[in-house]
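Below is one structure, written out as structure tokens, with a few remarks after it.
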Amino acid sequence: MENASQALIIGFSMLIFVIALTICITMFSQARATSDFVIFKSDETSYYEYDIIDENSRKNTRVVSLETIIPTLYRYYKEDYRVNFIDSEENSLPIYISVTGENINYFDVDEEVNRSEPWIGSQENFKENIDKIVENVLIANYKNREFEEIYSTKIISTSDTETVKDENQKEKIVITYKLLDKSS
Numbered sequence: 612m613e614n615a616s617q618a619l620i621i622g623f624s625m626l627i628f629v630i631a632l633t634i635c636i637t638m639f640s641q642a643r644a645t646s647d648f649v650i651f652k653s654d655e656t657s658y659y660e661y662d663i664i665d666e667n668s669r670k671n672t673r674v675v676s677l678e679t680i681i682p683t684l685y686r687y688y689k690e691d692y693r694v695n696f697i698d699s700e701e702n703s704l705p706i707y708i709s710v711t712g713e714n715i716n717y718f719d720v721d722e723e724v725n726r727s728e729p730w731i732g733s734q735e736n737f738k739e740n741i742d743k744i745v746e747n748v749l750i751a752n753y754k755n756r757e758f759e760e761i762y763s764t765k766i767i768s769t770s771d772t773e774t775v776k777d778e779n780q781k782e783k784i785v786i787t788y789k790l791l792d793k794s795s
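Per the working numbering: the sequence shown = residues 612 to 795.
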């Protein structure tokens, strides 16, 4: 009888332990969810409301030079938009050579991740890469040139499967810089 009472005490203790462990896990999960919510709400970019872009409107274009383009390049990584470069005949304007050996005329975090570019994953490496491209390509070749800045949007599919259409898509802002002729 004594062993049975000891077994009941041990069983009850284990039950109390499991309940306490469950309460702790639930409490930490709620604390994490609350901290994620607070961090999201404190991020300035979560409140950005982009204007509806009319693809055919000339309001979405303006003539800019490098002092406008360079800050855009430093922000594309954080704000997740695509920056394209084209020449006056709308051919691609190569900016850098990727690790796969192809000429690239755009900056897009999703594409860079797919190509496994070496600067992905570290904000410092990203900044160093943009510094090199700005100094060695943009300033060296296009210092006194003007570009036409064109805003548009593009629907990006985040998966290859066709199971859920709207769930796997996101709208991405695309900024295209078209090199203007020197005579313009």
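Positions of the beta carbon are idealized from the N, C-alpha and C atoms, including for glycine.
Alpha-carbon to alpha-carbon, residue j and residue i
| i | j | result |
| --- | --- | --- |
| Phe-651 | Arg-726 | 29 Å |
| Leu-749 | Gln-641 | 48 Å |
| Phe-648 | Lys-754 | 43 Å |
| Ile-766 | Lys-781 | 6 Å |
| Met-638 | Leu-791 | 59 Å |
| Val-745 | Val-629 | 58 Å |
| Ile-741 | Ala-751 | 14 Å |
| Ile-620 | Met-612 | 13 Å |
| Asp-654 | Glu-690 | 12 Å |
| Val-724 | Ile-731 | 7 Å |
| Arg-643 | Phe-737 | 29 Å |
| Asn-614 | Ile-636 | 33 Å |
| Ile-681 | Glu-713 | 23 Å |
| Glu-722 | Ser-646 | 31 Å |
| Lys-783 | Leu-704 | 21 Å |
| Asp-719 | Ala-631 | 47 Å |
Cβ neighbours of residue i in the same chain (closer than 8 Å, five flanking residues each side left out)
| i | result |
| --- | --- |
| Gln-734 | Tyr-688 |
| Lys-793 | Arg-756 |
| Tyr-685 | Lys-738, Ile-741 |
| Glu-701 | Lys-789 |
| Gly-622 | none |
Residues that DSSP places opposite residue i in a beta bridge
| i | result |
| --- | --- |
| Arg-673 | Glu-760 |
| Val-694 | Phe-718, Ile-786 |
| Tyr-707 | Ile-715 |
Supposed close pair residue i, residue j - CB separation, criterion 8 Å
| i | j | result |
| --- | --- | --- |
| Val-674 | Thr-683 | About 15 Å; that fails the 8 Å criterion. |
| Tyr-717 | Phe-758 | Incorrect: roughly 14 Å between the Cβ atoms, too far for contact. |
| Thr-672 | Ile-761 | 5 Å |
| Ile-715 | Ile-706 | 6 Å |
Residues near residue i in its chain [Cβ-Cβ closer than 7 Å; skip 5 each side]
| i | result |
| --- | --- |
| Glu-728 | Ser-709, Val-710 |
| Ser-624 | none |
| Ala-618 | none |
Contact set for residue i: own chain, Cβ-Cβ below 6 Å, skip 5 residues either direction
| i | result |
| --- | --- |
| Ser-676 | Glu-757 |
| Val-785 | Arg-693, Ser-763, Lys-765 |
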